[in-house]
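Student:
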Amino acid sequence: MYVCICNAVTERQIRACVDSGAATLGDLQFELGVASCCGCCAATATEYLPGGRASSVCDVRSLAVPVNTPSALVDAEPLAAEPAANSPLRPFPVPLVAAA
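Written out as structure tokens, the structure is:
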């Protein structure tokens, strides 16, 4: 679908630009020329940026969560910042995906 008729910029081109690192409307204007003529497409184009309604970009973070932790151990001893190498408690990275 065409988002910017003035410069013949499609939704696919905007998504590709955002996937390549564009994070602001200025980035899209520089790379594609979107919203640089009449400006009617600016609101639609910004919806494809991270955090927008049509964004396919997610903010991915990693959390360290102990696995196989007996509840008696957790209640009895506070966990150290870094478990010892021979400790049965090792952090397990769990990705947390949230829309920005």
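Quick note, the numbering used here runs 8 ahead of the 1-based positions in the sequence shown.
Idealized CB from N, CA, C, for every residue including glycine.
#1: Tell me whether residue 33 counts as near the ligand HEM, meaning its Cβ is closer than 7 Å to at least one heavy atom of that ligand.
#2: Is residue 26 helix, strand or coil when you go by DSSP?
#3: Kindly indicate which residue of 19, 15, 38, 40 has the alpha-carbon position closest to the one of residue 55.
#4: DSSP three-state call for residue 108: helix, strand or coil?
#5: Could you tell me the boundaries of the beta strand (DSSP E) in which residue 12 lies?
#6: Over what stretch of residues does the alpha helix (DSSP H) that includes residue 33 continue unbroken?
#7: Please report how far the alpha carbon of residue 30 lies from the alpha carbon of residue 38, in whole angstroms.
#8: State the CB to CB distance for the pair residue 42 and residue 13, rounded to an integer number of angstroms; the pair is presumed to be in contact (CB under 8 Å).
#9: Nearest CA to the CA of residue 40: which residue from 9, 62, 25?
Tutor: According to the structure shown:
#1: This structure lacks the ligand HEM; in fact it carries no ligand of any kind.
#2: The residue given as residue 26 occupies position 18 in the sequence shown. Helix, per DSSP.
#3: The sequence position of residue 55 within the sequence shown is 47, counting from 1. The residue with the shortest Cα to Cα distance from residue 55 is 19.
#4: Residue numbering aside, residue 108 sits at position 100 when the sequence shown is read from its first letter. Confidence is the limiting factor: at residue 108 the pLDDT is only 47, short of 50, which leaves the residue's position unreliable, though a coordinate-based value still follows. The answer is coil: DSSP assigns residue 108 none of H, G, I, E or B.
#5: Numbered from 1 along the sequence shown, position 4 holds the residue referred to as residue 12. 10-12 is the extent of the beta strand (DSSP E) around residue 12.
#6: As a first step, residue 33 must be located in the sequence shown, where it is residue number 25. 33-40 is the span of the alpha helix (DSSP H), which, as asked, contains residue 33.
#7: To locate residue 30, count along the sequence shown from 1; it is residue 22. To locate residue 38, count along the sequence shown from 1; it is residue 30. Rounded to the nearest angstrom, the two C-alpha atoms are 10 Å apart.
#8: The count along the sequence shown starts at 1 and reaches residue 42 at position 34. The count along the sequence shown starts at 1 and reaches residue 13 at position 5. Wrong, their Cβ atoms sit about 10 Å apart, outside the cutoff.
#9: As a position in the sequence shown, residue 40 is number 32, starting the count at 1. That would be 25, whose Cα lies nearest to the Cα of residue 40.
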